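Just so we're aligned: the sequence shown equals residues 10 to 295 in our numbering.
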Amino acid sequence: MIQSMTGFGKASLQLPTKKITVEIKSLNSKGLDVSVRMPSALREMELGLRNQIAQKLERGKVDFSLFVEVTGEETSSKINVPIVKAYIKQMQDVIPGADVTELMKMAVRMPDALKTEREEIDENEWSTIQGVIVQALENIHNFRVSEGAALEKEFLLRIGNILSYMNEAVSLDGERIENVKTRLRTAIDELTVTVDENRFEQELIYYLEKMDITEEKVRLENHLNYFIETLAGSEANGRKLGFITQEMGREINTMGSKSNHAKMQKLVVQMKDELEKIKEQVLNVL
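Now the structure itself:
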């Protein structure tokens with residue numbers, strides 16, 4: 010079953026002092042393009058995380074966001090006591106007798122008054138975060154599968170329409186050939202010259218062979234069936250489907266150039282319209 014490259018997955022977990030939230034969005038792309046946002050304390054885990062995303066999602070423009078929200082009393086920012094004391098002393102030298110409380114308010118706003126201690130990654134905590142990441146990846150995978158099922162229904166509808174238009178065009182072939190014969194015979198008669206009937210028949214057969222669409226009909230039918238078979242495959246096959254639609258387009262275009270018949274040309278235009286709708290959606294297939 011095919012998968013869409015478009016998807017969204019989210020998972021979160023509340024710890025005693027933190028809330029961990031993972032959001033993953035993906036759009037269609039020719040390759041894998043991963044953008045990662047996460048706390049600086051976890052940056053050393055980014056390379057392994059990118060590999061994890063690549064194995065699960067394979068292709069697409071992926072935006073990964075990991076948020077760690079402190080919900081308890083725990084904080085990584087602390088007052089830099091020596092620096093604050095030094096600021097207060099300097100201000101007391103400048104303004105003797107100033108209120109210490111006011112000096113404190115001023116000091117804590119000065120550069121380096123607060124220091125942020127880098128948190129060491131706790132192995133157990135990272136294992137917990139990994140569980141949230143795995144759940145988010147599973148959620149976006151399920152989203153992609155669901156979108157893929159909708160795309161498959163759309164493709165089968167469009168393929169069925171192309172097949173129907175093609176068969177209708179083929180049914181007009183007899184009428185088209187007779188119209189061509191009539192036009193050629195009328196043109197010859199209007200010349201009021203003597204024509205070698207055997208030579209005329211030979212030229213007519215040659216001309217009609219050039220207009221024959223049997224080969225195009227057979228090849229297009231094979232491409233349609235191959236497209237359906239590929240849809241049912243278990244591997245990522247968006248690129249293959251794109252190649253098949255290109256081959257389908259060639260056969261439809263050749264049928265149009267050979268048709269020389271108003272009704273048949275109208276059906277060819279309808280086939281092209283259905284094929285364009287398929288091509289637009291194939292870009293979203295993994």
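Virtual Cβ for every residue (Gly too), placed ideally from N, Cα, C. Keep in mind it's a predicted model, so treat the numbers as computed, not measured.
**Request:** Indicate the three-state DSSP secondary structure (helix, strand or coil) for A245 in the structure shown.
**Result:** coil
**Request:** With DSSP as the reference, please indicate the residues paired to L36 in a beta bridge.
**Result:** According to DSSP, which records beta bridges pairwise, L36 is partnered with K70.
**Item:** S155, enclosing alpha helix (DSSP H) - first and last residue
**Value:** 132-180
**Prompt:** Which residues share a DSSP beta bridge with I88?
**Reply:** L123
**Prompt:** For Y96, which residues from the same chain have a beta carbon less than 6 angstroms from its beta carbon, with the 5 sequence-adjacent residues on both sides left out?
**Reply:** Correct list, in chain order: A116, M119.
**Asked** Which partner residues does K19 have in the DSSP bridge list?
**Response** E32
**Request:** Label A159 either buried or exposed according to how many other C-beta atoms from any shown protein chain fall within 10 Å of its C-beta, with 16 as the threshold for buried.
**Result:** Exposed, by the Cβ-count rule.
**Request:** If I'm right that V77 touches R59 with Cβ under 8 angstroms, what's the distance once you round it to whole angstroms?
**Result:** Not confirmed; about 19 angstroms, so no contact.
**Request:** Buried or exposed for L233, please, with buried defined as at least 16 other CB atoms from any protein chain shown within 10 angstroms of its CB.
**Result:** buried
**Asked** For the putative contact between M280 and L181, defined by C-beta atoms under 8 angstroms, what is the C-beta separation to the nearest angstrom?
**Response** The Cβ separation is near 13 angstroms, so there is no contact.
**Message:** If you reduce the DSSP assignment to three classes, tell me which class L41 lands in.
**Reply:** strand
**Prompt:** Whose C-alpha, out of K27, K249, V227, K162, is nearest the C-alpha of A178?
**Reply:** V227
**Backbone secondary structure at L276 - three-state DSSP** = DSSP places L276 within a helical segment (H, G or I) once states are collapsed to three.
**Message:** What would DSSP say about R118, mapped onto helix, strand or coil?
**Reply:** coil
**Message:** I'd like to check one pair, I287 with R167: are the Cβ atoms closer than 7 angstroms?
**Reply:** Contact check for R167 against I287 passes: the beta carbons are separated by less than 7 angstroms.
**Prompt:** Rounded to a whole number of angstroms, what is the C-alpha to C-alpha distance between L292 and G247?
**Reply:** 7 angstroms
**Request:** Tell me, to the nearest whole angstrom, how far the beta carbon of L250 is from that of V294; I am working on the premise that it is less than 8 angstroms.
**Result:** 6 angstroms
**Prompt:** Should the region 30-44 be regarded as contacting the region 67-77, the criterion being three or more beta carbon pairs within less than 8 angstroms?
**Reply:** Yes, the region 30-44 touches the region 67-77.
**I253 to M220 span [Cα, whole Å]** = 24 angstroms
**Message:** With H, G and I counted as helix, E and B as strand and the rest as coil, what does DSSP make of L75?
**Reply:** strand
**Request:** Determine the closest residue to E134 out of H270, S266, G16, Q23, with distance taken between C-alpha atoms.
**Result:** Q23
**Asked** In chain order, what residues of the same chain have a beta carbon less than 7 angstroms from the beta carbon of Y174, not counting five sequence neighbours either side?
**Response** L276, Q279, M280
**Asked** Under the DSSP definition of a beta bridge, which residues are partnered with S13?
**Response** Under DSSP, S13 takes part in a beta bridge, and its partners are V294.
**Message:** Distance check for L36 and Q14, CA to CA, integer angstroms please.
**Reply:** Note that residue 14 is Met in the sequence shown here, rather than Gln. Rounded to whole angstroms, M14 to L36 spans 6 angstroms at the Cα level.
**Asked** Residue range of the alpha helix (DSSP H) that L24 falls in?
**Response** Segment: none, L24 is in no alpha helix (DSSP H) and carries neither H nor E.
**Asked** Rounded to whole angstroms, how far is the Cβ of F17 from the Cβ of I149, which I believe are closer than 8 angstroms?
**Response** 6 angstroms
**Request:** Using alpha carbons as the reference points, say which of I222, M113, I171, S268 lies closest to F236.
**Result:** I171
**Message:** Can you list, in chain order, the residues of its chain with a C-beta nearer than 6 angstroms to that of V31? Leave out the 5 residues immediately preceding and following it.
**Reply:** A20, L75, V141, I142, A145
**Prompt:** Measuring CA to CA, which of N207, I33, T26 is closest to F152?
**Reply:** I33
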